[in-house]
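Heads up: the sequence lines are chains A and B, in that order.
All residue numbers for the first sequence refer to my numbering, where the first residue is 1 and numbers rise by one.
All residue numbers for the second sequence refer to my numbering, where the first residue is 268 and numbers rise by one.
The beta carbon of each residue, even a glycine, is placed where N, CA and C say it ideally should be.
Notes follow the structure.
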Amino acid sequence: MSSNLPLSDDDVHAYADGKLPEARRASVAAALEADPVLAARVAAIRQQNADLRDAFDPWLAEPLPRELIAAAQPPGGRKPPRTRWALPALASAATLVIGIGLGWMGRGEVLQLEGTPTTFPREAALTHALYATDPNRPVEIWANEEDRMVRWLSKRLNFPLHAPNLHAMGYDLVGGRLVAGNQRPAALFMYENADKQRISLLVRKDNEHTSESAFRYALEDGVGVFYWIDDACGYALSGRVDRAQLLAIARVVYGELAAADAAASKP
Amino acid sequence: MSDSLPHPDLVAALPRLRRYARVLTGDLNRADDLVQDTLARAWEKRRLWQPGSDLRAWLFTIMHNVHVNQFAVRRRELAESSLDADDGPVAGWEIPVRATQSDRVELAEVFAQIARLPVEQREVLILAAVEELRYEEIARVQCVPIGTVMSRLNRAREKLRRMAEVSPAPLKVIK
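This is the structure we're talking about:
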């Protein structure tokens, strides 16, 4: 019955925005077929929407200032207590086999790529695939020796490192390791959530001066990677996690690192 | 009722909150202040949030109210004069570094046109076209009847269309 009502401005907007109730949609579509002026109006609105999204969506990828990430924390100023990392229950035999298999596949690709240029996100994804699937030895030094680990990695890489606290995002530090990297050594911090989902942060210092960059995304063999450059350091956050979630975690990483940086530069 | 807000969702909503704040204020510093005030208010009122409901729409509502209260004095002026961006995009609306030259021109054009809209219309347009909120949710955010939302949307789109007609570089799809 409502489908016989005359077409209103509201209907035109709702139709163009894809928000018209199902019952009314067909009658508006029919009216558009009969009326080229109306059809052009709908097309213009849709074009306008697309232009607006193209203009405003890139803002979403900008790194967030750490003040905002801090303000998203519950009031009271205290950080949630860092939970002690416990040995995960031993994976089933099947997972173990798959894990080792994936690890070796990753290793094979690294060898094949020897001598050919590998992009930073690819390097990060391969490193993640190699170690995150290792049930027993994903890291060299466990999180219970975090301070020692960070000192050691900082010394080996010859610049001060910091393992960001991702507890607010549900991830706790498993530990870290030194990795050979494609051109120079890098540090890998691994994290795990309650579902045993692992993500890892690869950090390396670039020799040449590189300017800052926005977050960029790459998908390498099913591993999502957000990577960016800040203060001549390259960072890559990798995991088999959906893109939006990985981006949210990358923002927290960025904020945590900026906070650590600010704290370190205070006299 | 809940005793807490979901952290990860709150952090995930930050970029959108910040974008909305930039659309409201037209200034990056004021936008970040507005986001901070909104988050503080959200934590104060956390018991009013219904778990499972759209956290983003709830945060937009809080932000709208915080903005209205904070800028009550200058709001009339803002609403009438818009951001007055005849000289180009407003301060907080910078164009991504990676955009190509022709994209930059077109983006600058879109920003300038949006900035010329009164704040209420700008708000409705962004919430409807970019955030894709339902019209009922936009009415709740602005605390106005849905008819007001529709007429604001209609006027905003008409103005944009007319601006595009007189603009030297007509809008096209920016890739």
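Min CB distance residue i to chain C below 8 Å
| i | result |
| --- | --- |
| I393 (chain B) | Looking at the structure shown, chain C is missing, and the protein chains on hand are A and B. |
Span separating the alpha-carbon of residue i from that of residue j
| i | j | result |
| --- | --- | --- |
| L315 (chain B) | R308 (chain B) | 11 Å |
| G319 (chain B) | D294 (chain B) | 32 Å |
| R198 (chain A) | G239 (chain A) | 7 Å |
| A396 (chain B) | M330 (chain B) | 18 Å |
| R148 (chain A) | P164 (chain A) | 15 Å |
| D286 (chain A) | M417 (chain B) | Because residue 286 (chain A) is not part of the residues shown, which for chain A are 1 to 267, the question remains open. |
| K205 (chain A) | P275 (chain B) | 29 Å |
| F56 (chain A) | P6 (chain A) | 35 Å |
| R53 (chain A) | R419 (chain B) | 19 Å |
| V12 (chain A) | Q47 (chain A) | 14 Å |
| I141 (chain A) | G175 (chain A) | 6 Å |
| A248 (chain A) | V278 (chain B) | 6 Å |
| A29 (chain A) | V42 (chain A) | 10 Å |
| R429 (chain B) | Q380 (chain B) | 10 Å |
| P239 (chain B) | W152 (chain A) | Because chain B here runs from 268 to 442, residue 239 (chain B) falls outside it and cannot be looked at. |
| R289 (chain B) | E145 (chain A) | 43 Å |
Strand pairing of residue i, partner residues [DSSP]
| i | result |
| --- | --- |
| I141 (chain A) | A:G176 |
| D230 (chain A) | A:C233 |
| Y217 (chain A) | A:F226 |
| G239 (chain A) | A:I199, A:G224 |
| K19 (chain A) | DSSP output for K19 (chain A) lists no bridge partner at all. |
| R204 (chain A) | A:G234 |
Residue i (DSSP reduced to helix, strand or coil)
| i | result |
| --- | --- |
| S154 (chain A) | helix |
| S320 (chain B) | coil |
| Y191 (chain A) | strand |
| G414 (chain B) | helix |
| Y171 (chain A) | coil |
| E62 (chain A) | coil |
| K426 (chain B) | helix |
| A163 (chain A) | coil |
| A186 (chain A) | strand |
| D351 (chain B) | Any answer about D351 (chain B) is weak, because its pLDDT of 49 lies below 50 and its placement is not dependable; what the coordinates show is given next. D351 (chain B): coil per DSSP, three-state reduction. |
| R383 (chain B) | coil |
| R289 (chain B) | helix |
| R401 (chain B) | coil |
| D299 (chain B) | helix |
| Q245 (chain A) | helix |
| L277 (chain B) | helix |
| P36 (chain A) | helix |
Nonlocal neighbours in the same chain, by C-beta distance under 6 Å from residue i, ignoring five residues either side
| i | result |
| --- | --- |
| A258 (chain A) | R66 |
| V411 (chain B) | none |
| A218 (chain A) | P121, V225 |
| A39 (chain A) | L32 |
Cβ-based neighbour list, residue i, same chain, cut-off 7 Å, excluding 5 preceding and 5 following
| i | result |
| --- | --- |
| K426 (chain B) | L384 |
| E403 (chain B) | I413 |
| I405 (chain B) | V391, L394, A395, V416 |
| A132 (chain A) | P138, M190, R198, S200 |
| A125 (chain A) | E220, D221, V223, V225, S238 |
| F215 (chain A) | A61, P63, F226, W228, L247, A250 |
Own chain residues within Cβ distance below 8 Å of residue i, not counting five before or after
| i | result |
| --- | --- |
| Y185 (chain A) | What sits at residue 185 (chain A) in the sequence shown is Pro, not Tyr. Closer than 8 Å at the Cβ level, and outside the excluded window around P185 (chain A), lie R156, L157, L178, V179, R204. |
| L64 (chain A) | R251, Y254, G255 |
| R25 (chain A) | Y15 |
| A423 (chain B) | L384, Q388, R389, V391, L392 |
Check your understanding: Of all the residues that make up the region 412-438 of chain B, which are near chain A by a beta-carbon distance shorter than 7 Å?
Key -> M417, L420, N421, R424, L427, R428, L438
Review point. If contact means a Cβ-Cβ distance below 7 Å, which residues of the region 375-386 of chain B contact chain A?
Key: V377, F378
Exercise for review: Closer than 8 Å, Cβ to Cβ, to anything on chain B: give me those residues from the region 40-62 of chain A, in chain order.
Suggested key: A44, I45, Q47, Q48, N49, A50, D51, L52, R53, D54, A55, F56, D57, P58, W59, L60, A61, E62
Practice item. Compile a chain-ordered list of the residues in the region 269-299 of chain B whose CB is closer than 9 Å to at least one CB of chain A. Key: S271, L272, H274, P275, D276, L277, V278, A279, A280, L281, P282, R283, L284, R285, R286, R289, V290, D299
Review point. According to a CB-to-CB cut-off of less than 7 Å, which residues of the region 235-261 of chain A neighbour chain B?
Key: A244, A248, R251, V252
Review point. In chain order, what residues of the region 299-310 of chain B put their CB closer than 8 Å to some CB of chain A?
Key: D299, V302, Q303, L306, A307, W310
Practice item. Note down, in chain order, all residues in the region 18-37 of chain A with a beta-carbon under 7 Å from any beta-carbon belonging to chain B. Key: K19
Practice item. Pull out every residue of the region 164-193 of chain A whose Cβ sits closer than 7 Å to any Cβ of chain B, in chain order. Key: A168, M169, G170
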